[in-house]
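>
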Amino acid sequence: MAAPDYVPNQTPAADRHYVSPPRRPQPWMADRPAELSHGQPVGAGLGVPGPDQGYALRLARRFEDELLLSAGEQAADAVAGCVGVALRRAALFGRAPVAADLEIAFRLFGFLPPAPDESVAAWRKELFRGISHPHHYAEVRHLVDSVPEQVLRMPPGEVEAACAADRSGLFSSPLSSVPLSSVSDSR
Numbered sequence: 001m002a003a004p005d006y007v008p009n010q011t012p013a014a015d016r017h018y019v020s021p022p023r024r025p026q027p028w029m030a031d032r033p034a035e036l037s038h039g040q041p042v043g044a045g046l047g048v049p050g051p052d053q054g055y056a057l058r059l060a061r062r063f064e065d066e067l068l069l070s071a072g073e074q075a076a077d078a079v080a081g082c083v084g085v086a087l088r089r090a091a092l093f094g095r096a097p098v099a100a101d102l103e104i105a106f107r108l109f110g111f112l113p114p115a116p117d118e119s120v121a122a123w124r125k126e127l128f129r130g131i132s133h134p135h136h137y138a139e140v141r142h143l144v145d146s147v148p149e150q151v152l153r154m155p156p157g158e159v160e161a162a163c164a165a166d167r168s169g170l171f172s173s174p175l176s177s178v179p180l181s182s183v184s185d186s187r
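Numbering-wise (the numbering used here), the sequence shown opens with residue 1 and increments by one.
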């Protein structure tokens, strides 16, 4: 449709267009002091980087009403520990965290139904006490590193079945003073 005669054809905005910046003759080099020249460092306590990791905290809020907490346990502690496990699982697959990552993490430690027995609750209570405080980063890393990669690669249904059968086989090392061998659900 044509514009009426009283509408101006040439406007100052029509003259604007994108102009790229001048070309740089030299290539870009990673020579700043904090640049990683040989890739992401790998080792104990360094974690696993992944995309959009902050989204796990939003997903964790969806589980807060379902968490099975015993007396003296805090939801913030459960979320802090399990979000680390979920982030590690998501990073292993090279993607952002999804609800299944958090479900597996919460299920591993008995925070989701069915309710764990008393030995699991006692072990978990000792393991997660105060872990949401920022000064307990080393404890969170220890907790995250205690879950082997093959367990993190399992689908949620297999994790649920493994937790019901023998929870102690899902961890690589004892996590606290409560012996891990006494941790299995008797259903």
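Built from N, CA and C at the ideal position, the CB exists for glycine as well.
Small disclaimer: the values here were computed from a predicted structure and weren't measured.
How would you label Leu-46, buried or exposed, when you count the other beta carbons within 10 angstroms and need 16 or more for buried?
Leu-46 comes out exposed.
> DSSP three-state call for Phe-109: helix, strand or coil?
Coil, per DSSP.
> Short of 6 Å in beta carbon distance, which residues of its chain neighbour Val-147, apart from the five on each side in sequence? Order them along the chain.
Val-85, listed in sequence order.
> Can you find the residues in the same chain that come closer than 7 Å, C-beta to C-beta, to Val-144, ignoring five residues on each side of it along the sequence?
Gly-84, Val-85 and Arg-88, listed in sequence order.
> Does the Cβ-Cβ distance between Leu-152 and Leu-92 come in under 8 Å?
The answer is yes: Cβ separation under 8 Å.
> Considering only C-alpha positions, which residue in the set His-17, His-135 and Phe-111 is nearest to Phe-63?
It is Phe-111.
> Just how far apart, CA to CA, sit Gln-168 and Pro-116?
For the sequence presented, residue 168 should be read as Ser rather than Gln. If I take the Cα positions, the gap works out to 13 Å.
> Count the other CB atoms within 10 Å of the CB of Glu-149; is the residue buried (16 or more) or exposed (fewer)?
So Glu-149 counts as exposed.
> Does the Cβ-Cβ distance between Ala-78 and Leu-67 come in under 8 Å?
Yes.
> Check for me: the alpha helix (DSSP H) holding Ala-44 runs from which residue to which?
Unbroken run through Ala-44: none, as it is neither H nor E.
> For the alpha helix (DSSP H) that Ala-56 lies in, which residues bound it at each end?
Ala-56 -> alpha helix (DSSP H) spans 55-63.
> Might you give, ordered along the chain, the residues of its own chain that have their beta carbon closer than 7 Å to the beta carbon of Ala-75, omitting 5 neighbours on each side?
So the list reads Glu-64, Leu-67 and Leu-69, once near-sequence residues are dropped.
> Going by C-alpha distance, which of Phe-128, Pro-8, Ala-162 and Ala-138 is nearest Ala-44?
For the residues Phe-128, Pro-8, Ala-162 and Ala-138, the minimum Cα distance to Ala-44 belongs to Ala-138.
> Check for me: the alpha helix (DSSP H) holding Asp-77 runs from which residue to which?
Element bounds for Asp-77: 75-92.
> What is the rounded straight-line gap between the Cα of Ala-121 and the Cα of Ala-161?
Cα-Cα distance, rounded: 18 Å.
> Taking the alpha helix (DSSP H) that Arg-141 belongs to, which residues open and close that run?
Arg-141 -> alpha helix (DSSP H) spans 137-145.
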